[in-house]
Amino acid sequence: MAAHQEKKPSEERRPKSTQNDTRTSQVQWGRAWEVDWFSLASILFLLMFAPLIVYYFIMSCDQYQCSLTDPLIDLLTGNKHLSDIWNKTPPLTYRAAGIYTLWVAFQVVLYVFVPDFCHKFLPGYVGGVQEGAVTPAGVVNKYEINGLQAWLITHALWFANAYYFHWFSPTIIFDNWIPLLWCANILGYAVSTFAMIKGYFFPTNAKDCKFTGNFFYDYMMGIEFNPRIGKWFDFKLFFNGRPGIVAWTLINLSYAAKQQELYGQVTNSMILVNVLQGIYVVDFFWNEAWYLKTIDICHDHFGWYLGWGDCVWLPYLYTLQGLYLVYHPVQLGTANAIGILILGLIGYYIFRTTNHQKDLFRRTNGNCRIWGKKPEYIECSYMSVDGTKYYSKLMTSGFWGWARHFNYTGDLMGSLAYCLTCGFEHILPYFYIVYMTILLTHRCVRDEHRCFGKYGKDWKRYTAAVPYRLLPGIF
Ligand code: NDP
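Just so you know, UniProt numbering puts 359 at position 359 of the sequence shown, and the rest follows in order with no gaps.
In C-alpha cells form, the structure reads like this:
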C-alpha cells in the first residue's frame with residue numbers, strides 16, 4: 001500500500017475544523033468544492049463544443065478527405081450551408097445500434113462475469129482482486145482486475161472472425177463509424193446523467209461525494225468518487241478501460257482492413273500506428289492494477305468528463321491517425337519509418353519505466369532498488385476525512401529525480417511518433433499531440449494543486465528538491 005495509517009489516530013492531531021465538519025476537511029484534497037469563473041467557463045465551453053469538435057473531425061474525414069480547413073472555407077464562402085453538410089452525414093441506424101449494444105453488453109459480461117484467469121498462468125502479471133488507493137473518506141475499494149483477459153478474448157474472437165468464421169467484415173467499424181458515433185454519444189450522455197442522479201439519490205459512498213452547488217460543474221466533473229452497481233461493477237474502471245481502450249486496437253485493425261480492401265495493401269505507416277498504439281493499449285491492460293493508483297481512479301470523480309470522454313472522445317479522437325491513413329495511405333521511407341519507430345519505443349520506455357519506478361517504490365514503501373540504488377525520497381503526511389493521519393513518501397531519485405512528471409514526457413514522445421506516421425500533408429492527425437500536450441500540461445498543474453492541498457509544506461519540500469515538471473532544465 002502506498003500510504004500507511006498511523007496506528008493510533010488521535011483526536012488532538014485533528015485540525016479543529018475537521019472534527020465535525022466533513023465538508024471542511026475534504027477541502028484538503030480531492031476535487032474542488034467551489035467553482036471559479038474560469039473553471040465554469042471552460043466547463044461550459046467543453047459541454048457545448050466537445051461533441052461538435054468530435055463531429056467536425058470525423059465529418060472532415062468523411063466528406064473532405066480529412067481537411068480541417070475545407071469545410072470552414074466552404075461555409076465561409078457560402079459554397080455550402082450547414083444543412084448541406086448535415087444532410088450528407090450518415091444518420092443513426094438500427095445496424096449501428098445493434099453492433100454497439102452487442103459490443104457494450106459483451107464488454108460488461110467480460111468485466112462482471114468472467115473472473116481473471118490470466119494471473120494464474122502469466123508470470124509477473126497482477127490480476128484478480130486488487131485494492132485501490134485510500135479515498136478521501138478513508139475507504140479502500142476492491143477491484144476485479146480482468147482487463148487483459150477481456151482484451152485477449154475480444155481480440156482472439158476478432159481474428160477468429162476475420163480469418164475463419166467470417167460472421168462480419170473486419171471493416172465493420174470503419175463502415176459504420178458515424179452511425180456508431182451517435183450510439184457512443186447516447187451511451188456517454190446516458191451514463192453521465194445516470195451518475196449525476198445516482199450521486200444525489202443513491203450514492204455508493206456518501207462521504208466520498210462532492211457537491212459544488214453548480215449544476216454544470218457537478219455534471220461535468222462528477223459527484224460520486226467511485227460509483228458502483230453491486231459489489232463489482234465500478235463505473236470508473238469499466239468506462240475508462242473497456243468500451244474505449246479495448247476498442248482502440250480493434251478500431252485500428254478495422255482501419256488496416258479498410259486500407260487492404262481499398263488499396264490491396266496495408267502501408268507501413270498503418271502498421272506502425274497499429275504496433276505503437278497496440279503496445280500502449282496492451283501496456284495499459286498489463287498494468288491495470290497499477291492504473292488503480294493513477295489520477296483517474298485515485299482523484300477524479302465520475303461525471304461527464306470521464307463518462308462521455310471514455311465513450312466518445314477517446315475512441316474517436318485517439319484513433320485519428322489510423323482514420324487519416326485510410327484516406328491518405330502514406331508509405332514511409334525506410335529511414336523515416338525506423339526513426340518514428342525508435343522515437344515511439346524510447347517514449348514508451350520512458351513512460352513505462354517512470355510509471356514502474358513509482359509503482360515499485362510505493363508498493364514496497366521505498367524498500368526497493370531504483371537504478372541499482374536505494375531510492376531517495378521525502379517523507380510526507382496527510383489527513384483523510386475522519387481526521388486519521390496517513391504517511392506517504394515522494395521519490396526524488398530515478399526518473400522522478402529528473403522531473404516531477406517524466407512519465408508524461410515519455411507519453412508525449414510516443415504521441416508525437418503516432419502523428420509523424422501520417423506525414424505532413426494535413427494537420428488533422430496532429431490533433432493528438434496538441435491535445436496530449438494541453439491535457440498533460442494541465443494535468444501537471446491540476447495534480448500539483450491537489451498534491452499541495454494534500455501534503456502542504458511537504459509538497460513544497462518536494463518541488464524544491466525536483467524543480468522541473470516535464471523537461472529537466474526547461475519546464
Ligand atoms: P501519475 O501516475 O504521475 O500520478 C500522480 C500521482 O503520483 C500524484 O498525484 C501523487 O499521488 C503521486 N506522486 C507524485 N509524485 C510522486 C513521487 N515523486 N513519488 C511517488 N508518488 C508521487 O499521474 P497520472 O495518473 O496522471 O498518469 C499516469 C500515466 O497515465 C502517465 O504515464 C500518463 O502519461 C498517462 N496518461 C495518459 C492519458 C491518455 O489519455 N493517454 C491521460 C492521462 C494520463 P499521491 O496522492 O498518491 O501521492
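Ideal placement from N, C-alpha and C gives every residue a C-beta, glycine not left out.
Remember, predicted model here, so these are calculated numbers, not experimental data.
Which listed residue (the options) has its alpha carbon closest to that of residue i
i, options, result
"residue 347", "306, 277, 328", "277"
"residue 128", "61, 288, 407, 344", "288"
"residue 272", "463, 255, 286", "255"
"residue 407", "349, 46, 363, 116", "349"
"residue 68", "431, 299, 296, 78", "431"
"residue 134", "176, 186, 63, 226", "226"
"residue 101", "299, 410, 181, 83", "181"
"residue 114", "84, 400, 148, 81", "148"
"residue 274", "235, 326, 293", "326"
"residue 95", "59, 39, 173, 154", "173"
"residue 538", "36, 235, 179", "There is no way to answer for residue 538, as the model of the chain reaches only from 1 to 475."
"residue 152", "283, 390, 311, 89", "283"
"residue 170", "222, 89, 260", "260"
"residue 154", "79, 179, 50, 246", "246"
"residue 402", "158, 376, 422", "376"
"residue 422", "453, 98, 267, 435", "267"
"residue 405", "384, 451, 388, 387", "451"
"residue 378", "361, 389, 387, 384", "361"
"residue 455", "389, 413, 262", "389"
"residue 328", "54, 310, 163, 424", "424"
"residue 97", "414, 179, 51", "179"
"residue 337", "418, 105, 75", "418"
"residue 380", "158, 457, 374", "457"
"residue 467", "109, 399, 248", "399"
"residue 440", "475, 364, 462", "475"
"residue 306", "222, 41, 35, 139", "222"
"residue 130", "433, 363, 453", "363"
"residue 285", "45, 257, 122", "122"
"residue 308", "449, 164, 51, 258", "51"
"residue 321", "420, 265, 280, 374", "420"
Any non-hydrogen atom of ligand 3 within 7 Å of residue i CB
i, result
"residue 475", "Within the structure as shown, ligand 3 is missing, the only ligands being ligand 1."
Which residues DSSP lists as bridging residue i, in chain order
i, result
"residue 381", "391"
"residue 94", "Beta-bridge pairing links residue 94 to no other residue."
"residue 128", "145"
"residue 234", "228"
"residue 370", "373"
"residue 134", "140"
Beta-carbon proximity check, residue i vs residue j, cutoff 8 Å
i, j, result
"residue 111", "residue 118", "no"
"residue 116", "residue 146", "yes"
"residue 302", "residue 195", "yes"
"residue 396", "residue 335", "no"
"residue 357", "residue 340", "no"
"residue 224", "residue 199", "yes"
"residue 295", "residue 447", "yes"
"residue 150", "residue 228", "no"
"residue 345", "residue 57", "no"
"residue 472", "residue 324", "no"
"residue 444", "residue 470", "yes"
"residue 293", "residue 359", "yes"
"residue 230", "residue 314", "no"
"residue 310", "residue 239", "yes"
"residue 355", "residue 290", "yes"
"residue 482", "residue 158", "The question about residue 482 has no answer here: the residues shown for the chain are numbered 1 through 475."
"residue 384", "residue 331", "no"
"residue 436", "residue 343", "no"
"residue 47", "residue 248", "no"
"residue 54", "residue 434", "no"
Nearest-angstrom beta carbon gap, residue j and residue i [assumed within contact, 8 Å]
i, j, result
"residue 91", "residue 208", "Between residue 208 and residue 91 the Cβ distance is about 40 Å, and since that is not below 8 Å, they are no contact."
"residue 411", "residue 351", "5 Å"
"residue 366", "residue 393", "5 Å"
"residue 167", "residue 161", "5 Å"
"residue 60", "residue 71", "6 Å"
"residue 251", "residue 319", "5 Å"
"residue 217", "residue 438", "That pair is no contact at about 20 Å."
"residue 237", "residue 143", "6 Å"
"residue 63", "residue 88", "6 Å"
"residue 139", "residue 205", "6 Å"
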